[in-house]
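Structure, as structure tokens:
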Amino acid sequence: MPLDKVLQKRKPESIPIPFDFSPSGIFEGNDGSWSTFIIRVGTPAQTFRVLISTTGQETWIPLVDGCADFDPSNCGSLRGVQDFQNAPSRGFRTNISSTWELVNLYNLALEDHLDGYTGAGLYGFDTVGLQIQNSGGLTLNHSIVTGIGTKHFMLGVFGLSPGTTNFDDFNDPQPSFMVSLKNQSLIPSLSYGYHAGASYSNVPASLVLGGYDTSQFDVSKVSSVRFNMNDSYTLPVALQVIQASGTLNGVVTLLPEGIMTTIDSTIPEIWLPIAACEKFERSFGLQMDNSTGRYLVNDTIHAKLKELNPVLTFKLGNQTHGGETLNIVLPYSAFDLQVNYPIYPNATNYFPLRRAMNDTQYVIGRTFLQEAYIIVDYERKNFSISQRASKGTPTYVPILSTSHRAGSGGLNRGSKIGIAIGVALGSLLLLAGAAVWYWRRSKRPVRTTGELGEHGEASGGGETEPKAAENMTEMSSPGAPVWEFPGSSTIRPEELDGQPVLEIGEREVRQSRAELPGS
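Residue numbers for the sequence shown, in the numbering used here: 1 to 519.
Below, the structure is given as structure tokens:
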């Protein structure tokens, strides 16, 4: 058959639309008031309210063993566990799920470089769905699920990273939830738009998988700052200046010098050098509680700060000094948080600032994302940051995959719901160069069988140092096409409906993984 006839018979490629992952409508947490999302795990489905992790790639949920007899009677609810079969639940019950497949018990490595964020997780596979049952949410079978007992992570976590998880065999890397969505053509690309929500202004979180929502930021005010890539972090930025006005000392500069840091929504705090923390102490009247590492705010100072209503400005750039920069402005309300059980028995006013002992602990946590909107495109290795500005009706814009052929097809799920594909993506993805980062997992089995202790920590069994990482060459997953992130490779953007996609901060990226040794 002539080639032109073959081309005429070829069906257009179907393009998925972005998935708007609706928040739960609840603000909660033991370290602030955070907008959560609902996920379903197991068969029959057990539901949980979880937080979003821009660094992790797994789904973490509280185990039933994570609530002990001495915990409050509503411990399960405090941990985001919803009622199961019309009765209160204390956590995930693996024995009830017919689709649960146990792997092993491993140490949690996601934030183990930060003080107070450790514990053990019961790893396995199960069915995971987004949003409540029958709400149009996406569902995947045989997805990685980690049951946690430790209260260092009071709420569960849903990871957005495309990194793989390796257990005891380098030859069987397990894809993340995001990669599986992409491989099954449920989202258009490995990308998302996200902000954490702000309880003080009653604004819920927003998360769009495979695209972004233009109503969450002012397109006309998007900065043109470009970031260089840093192989060690997921969302690396240079924090040049933190300036505050309306403090107890008036206008102050709080960061002695610029630092390289990373944006990570898994945790709430801003982790800064000790010299910077000392400036915060004087300007905001903070009191360090050495027993918890938290900065507390007494009632008198709290009332004064609410009266003054300080404003903090974070200046971000590509380098620690000079170059183009952008400002993200946060009101004092974003830092006016309370910490609760089990860190303190009663609600206590605190300021989400932590002392970093070295530069590996510099982190900009979830607090920052109350007023910032990020758009992350893993396939083109870039991300943008904008000042959050809610503007009415949501408009979802897909970020097309680098494998998409221009003019090869249209959207595949119903109407286009106002998706403005003509918006030039290059004018929006203006910040930075985040690489597809294969997180160096150092999972160390603590024991093969047995129960978690009363706090969810593993008792018995030895720990070993993580073994040296090896190069990641492929992300294996059934079905075709399968997304691969080759080591030391460069992925170049293609065009979006005739509009050139801006190529930002591109450099070679080395993906690596760490073995999870057997017990």
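Virtual Cβ for every residue (Gly too), placed ideally from N, Cα, C.
Remember, predicted model here, so these are calculated numbers, not experimental data.
Here residue 332 carries a helix assignment [DSSP, helix/strand/coil]. Between the region 115-124 and the region 146-157 there are three or more C-beta pairs closer than 8 Å, enough to call the two in contact.
In the three-state DSSP reduction, residue 252 falls in the strand class (E or B).
Burial state of residue 318 is buried, judged by a 10 Å Cβ sphere holding 16 or more other Cβ atoms. Bounds of the beta strand (DSSP E) holding residue 382 are 382-387. Residue 39 carries a strand assignment under DSSP once its states are collapsed to helix, strand and coil. In this model, residue 220 and residue 331 are separated by some 22 Å (Cα to Cα).
Put simply, the backbone Cα of residue 179 is about 21 Å away from that of residue 384. The three-state reading of DSSP puts residue 276 in helix, counting H, G and I together. Secondary structure note for residue 307: its alpha helix (DSSP H) is the uninterrupted segment 299-308. Fewer than three pairs of CB atoms, one per stretch, sit closer than 8 Å, so the region 80-96 makes no contact with the region 111-119. By the beta-carbon neighbour count (other beta carbons within 10 angstroms, threshold 16), residue 49 is buried. If you draw a straight line from the Cα of residue 117 to the Cα of residue 348, it is about 20 Å long.
Residue state for residue 257 is assigned as coil, using DSSP reduced to three classes. Between residue 43 and residue 99, the beta carbon gap of about 4 Å places them in contact (Cβ cut-off 8 Å). Inter-segment contact for the region 370-382 and the region 195-214 is present: three or more beta-carbon pairs are separated by less than 8 Å. For residue 288, the enclosing beta strand (DSSP E) has its first and last residue at 287-289. Within the DSSP secondary-structure output, residue 243 pairs in a beta bridge with 253 and 313. Ranked by Cα distance from residue 334, the first of 104, 96, 254 and 365 is 365. The C-alpha of residue 163 is placed about 24 Å away from the C-alpha of residue 63. Counting only residues of its own chain and dropping the five nearest sequence neighbours on each side, residue 75 has a CB closer than 7 Å to the CB of 67 and 90.
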